[in-house]
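Q: Quick note: the sequence shown uses the numbering used here, first residue 72, plus one each step. Built from N, CA and C at the ideal position, the CB exists for glycine as well.
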Amino acid sequence: MRIVIANDHGAVALKHELVDFLRSAGHEVANLGVDTEDRVDYPDKAREACLEFLKGGYDFGIVLCGTGIGISIAANKIDGIRCALVHDAFTARLAREHNDANFLALGGRVTYAEKPADILAAFMAARYEGGRHADRLVKIAKLEMTSGS
Ligand code: RB5
Numbered sequence: 072m073r074i075v076i077a078n079d080h081g082a083v084a085l086k087h088e089l090v091d092f093l094r095s096a097g098h099e100v101a102n103l104g105v106d107t108e109d110r111v112d113y114p115d116k117a118r119e120a121c122l123e124f125l126k127g128g129y130d131f132g133i134v135l136c137g138t139g140i141g142i143s144i145a146a147n148k149i150d151g152i153r154c155a156l157v158h159d160a161f162t163a164r165l166a167r168e169h170n171d172a173n174f175l176a177l178g179g180r181v182t183y184a185e186k187p188a189d190i191l192a193a194f195m196a197a198r199y200e201g202g203r204h205a206d207r208l209v210k211i212a213k214l215e216m217t218s219g220s
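#1: What separation, rounded to the nearest whole angstrom, lies between the Cα atoms of Gly202 and Leu208?
#2: Specify the secondary structure class of Ala172 as computed by DSSP and reduced to three states.
#3: Please list, in chain order, all residues of the same chain as Arg110 whose beta carbon is under 6 Å from its beta carbon, the five residues on each side excluded.
#4: Between which two residues does the alpha helix (DSSP H) carrying Arg73 extend?
#5: Going by DSSP, which residues form a beta bridge with Val100?
#6: Residues with a Cβ closer than 6 Å to any heavy atom of the ligand RB5, in chain order?
#7: Arg153 and Ala197 - do their beta-carbons sit closer together than 8 Å?
#8: Does the beta-carbon of Ala84 have 16 or more other beta-carbons within 10 angstroms, so that it is buried, or is it exposed?
#9: On a CA-only basis, which of His169, Met195, Arg94, Ala193 is nearest Ala205? Give me that one, please.
#10: Contact between the region 137-154 and the region 112-124 is defined here as three or more beta-carbon pairs at a separation below 8 Å; is this criterion met?
#11: What number of angstroms, rounded off, separates the C-alpha of Asp106 from the C-alpha of Gly219?
#12: Apply the 10 Å Cβ neighbour rule to Gly104 and answer buried if 16 or more other Cβ atoms are within range, or exposed otherwise.
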């Protein structure tokens, strides 16, 4: 698979862990994240990763910050991005099967009950089920055109 990944300073170690996991399994990874703990703004990293993904040729993307919260919120502001902030392998699998998530978000300062690489592996092994979920994805896409007024 071809994967784009980006992180802020809150998830450098997690990014390396996931990139090592992916590359050792033979996947191609575009690393747009930072490799030091110098402060950067997670919306900028979300933007870079999502715009790169939208150019095409990627299977999915990964965004990481301290909690995964800020960078997932930012990613989900971009049309066409369905970024899932998952908690474990179960939610990672369902993010794919039900929500057809094209981005996975995790937090570098979060303690997970499962290894982050196992959570990522569950996401990668799952496939979108379509069917009853398809109408809901259409409704999500329509929300991208919704303003508050
Ligand atoms: C950065 O200090 C931190 O706020 C960021 O990594 C993330 O946790 C935001 O949601």
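A: Taking the structure as given:
#1: 11 Å
#2: coil
#3: Close CB contacts of Arg110 within its chain, under the 6 Å cut and outside five residues either way in sequence, are with His80 (chain order).
#4: Per DSSP, Arg73 belongs to no alpha helix (DSSP H); it is in the beta strand (DSSP E), 73-78.
#5: Ile74
#6: Asp79, Gly81, Tyr113, Cys136, Gly137, Thr138, Ile140, Gly141
#7: no
#8: exposed
#9: His169
#10: yes
#11: Pairing Asp106 with Gly219, the inter-Cα distance amounts to about 38 Å.
#12: Buried, since its Cβ has 16 or more Cβ neighbours within 10 Å.
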